[in-house]
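Numbering-wise (our numbering), the sequence shown opens with residue 202 and increments by one. Heads up, the thing below is written out as C-alpha cells.
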Amino acid sequence: MKIAVLSDIHGNFRALQKVVDNVEEWDADLVFVAGDTINRGPRSKDCLQLVRQKHTSDGWRVIRGNHEDYVLNFEKPDTPTSGPMFEVLQHVYWNHHHLTPSEIASVKALPYQIEENIGEGQILRAVHASMQGIRKGIYPDTSPEELAAKIAPAPQILAVGHTHQPLLRTLAGTLVVNAGSVGMPFDGDIRPSYAQIYWQNGAWQANIIRLDYDHAAAVKDFYESGFVAEGGAMVKVILWELNSARPHLSHWNRLYWEAVKQGEVSVEKAVEEYLGRLR
C-alpha cells in the first residue's frame, strides 16, 4: 500500500497542482489532506475546489485545521468587521468573502480527525497538529516525552502538519509523519513538501518529497488575484513568508499585537516597521 499525506496548502494553487501531479504519478492508494487547505494564500477557492474534486473522484481523506476555523469565524455575528482586530485579520476575511455558501458548508463539514485501517488492524490517524489540538504542533525539536503526549493514544502511524516543518520520527512503534507544507514551507526551503508512506521489508517506511515549482507564478497570484490590494497590510508579511520559507505572522503578532490593540501604532505602520527589520 502507498499512502500520500499533504498538509498546509494555504491557498497556493501552483504548489498544489505540482504535488497532485506527483502524487498521481506515484500512484498512491490513499491520500490524506491534513488541514489548512485554505487561507494565508490568494487562491484558497481553487485549492478547496481541487481538493473537493479529488475527494469525490479519488476518495481523498480531508480534515480541517486551524485556518479553516479562522475562515469560519467570519460566519459568527460577533467577529469584528472594523478596527485593529479586523485589520489584522483582513486577509482571512478576504478569503472568506471569496468562498460561496456551498464551499463554506463543505469546510464546516470537515472532521478534525480521520482514522483509517491500513491492514491487519493497523491504524493511520490524521490530525492537523497533534492529539492535543489543532495548534499544538510536533516540531523537529519536540522532546520524546512531549511527543509521547502529543500522539496518545498512539496509532501505528500518526500523520500531521501545522508546523510547516517536515519530519519523520518513530517512538515506541509509532511512525510520526509531519508532511510539512505544500504551500508555505517554514524550513528555509521554498519547495512544496509532502509525505509518501509505504510498506517495505515488513514495516511502514516514509519519505519527505520536495518538488520544484513555479514560485514566481505563485508570487504573481498574490497580485493578480487582488489579495495584495484588498487583503490588508498583513498580506505583505504573508508574502515575505512565501519568499523566505520562514514564519513571520506569529513573530509579528508577538512583537506588535499588544501595541496595535492599545492604539499605540497602526497595523500598516507596524507591518512596515517589521518588514524594515528584515530588509
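Just so it is clear, CB atoms sit at the ideal spot from N, CA and C, and this is done for glycine as well.
What residues are listed by DSSP as bridge partners for residue i?
i           : result
residue 318 : 324
residue 409 : 396
residue 370 : 377
residue 404 : 401
residue 334 : 331
residue 231 : 204
residue 358 : 325 and 376
Counting contacts by CB-CB distance shorter than 7 Å, is residue i in contact with chain B?
i           : result
residue 457 : The displayed structure is made up of one protein chain only, and chain B is not part of it.
Would the beta-carbon of residue i fall within 7 Å of that of residue j?
i           : j           : result
residue 384 : residue 242 : yes
residue 255 : residue 300 : no
residue 205 : residue 224 : yes
residue 235 : residue 208 : yes
residue 432 : residue 292 : yes
residue 469 : residue 430 : no
residue 471 : residue 386 : no
residue 414 : residue 216 : yes
residue 265 : residue 422 : no
residue 237 : residue 211 : yes
residue 285 : residue 461 : yes
residue 444 : residue 336 : no
Am I right that residue i and residue j are in contact with their C-beta atoms under 8 Å? What's the rounded C-beta distance?
i           : j           : result
residue 213 : residue 296 : 12 Å between Cβ atoms; not a contact.
residue 262 : residue 232 : 7 Å
residue 398 : residue 378 : 6 Å
residue 381 : residue 401 : Wrong, their Cβ atoms sit about 21 Å apart, outside the cutoff.
residue 453 : residue 438 : 5 Å
Cβ pair count under 8 Å reaching 3, the region 401-418 against the region 272-283: The region 401-418 vs the region 272-283: no contact.
Inter-stretch contact at 8 Å, needing at least 3 Cβ pairs: the region 299-307 / the region 371-384: Cβ pair count under 8 Å is below three, so no.
Start-end ranges of the alpha helix (DSSP H) lying completely within the region 263-305, minimum 4 residues: Within the region 263-305, the complete alpha helix (DSSP H) runs of at least 4 residues are 267-273, 284-289 and 291-298.
The region 346-358 in contact with the region 324-335 per 3-pair CB rule at 8 Å: Taking 8 Å as the limit for Cβ pairs, the verdict is that the region 324-335 does touch the region 346-358.
Contact between the region 312-322 and the region 339-348 (3+ Cβ pairs under 8 Å): In this structure the region 312-322 does not touch the region 339-348; the number of beta carbon pairs closer than 8 Å is below three.
Alpha helix (DSSP H) runs wholly inside the region 409-446, at least 4 long, in chain order: As far as the region 409-446 is concerned, its whole alpha helix (DSSP H) runs of at least 4 residues are 416-425, 428-431 and 435-445.
Sufficient close CB pairs (3 or more, under 8 Å) joining the region 447-462 to the region 470-477: The region 447-462 makes contact with the region 470-477; the number of CB pairs closer than 8 Å reaches 3 or more.
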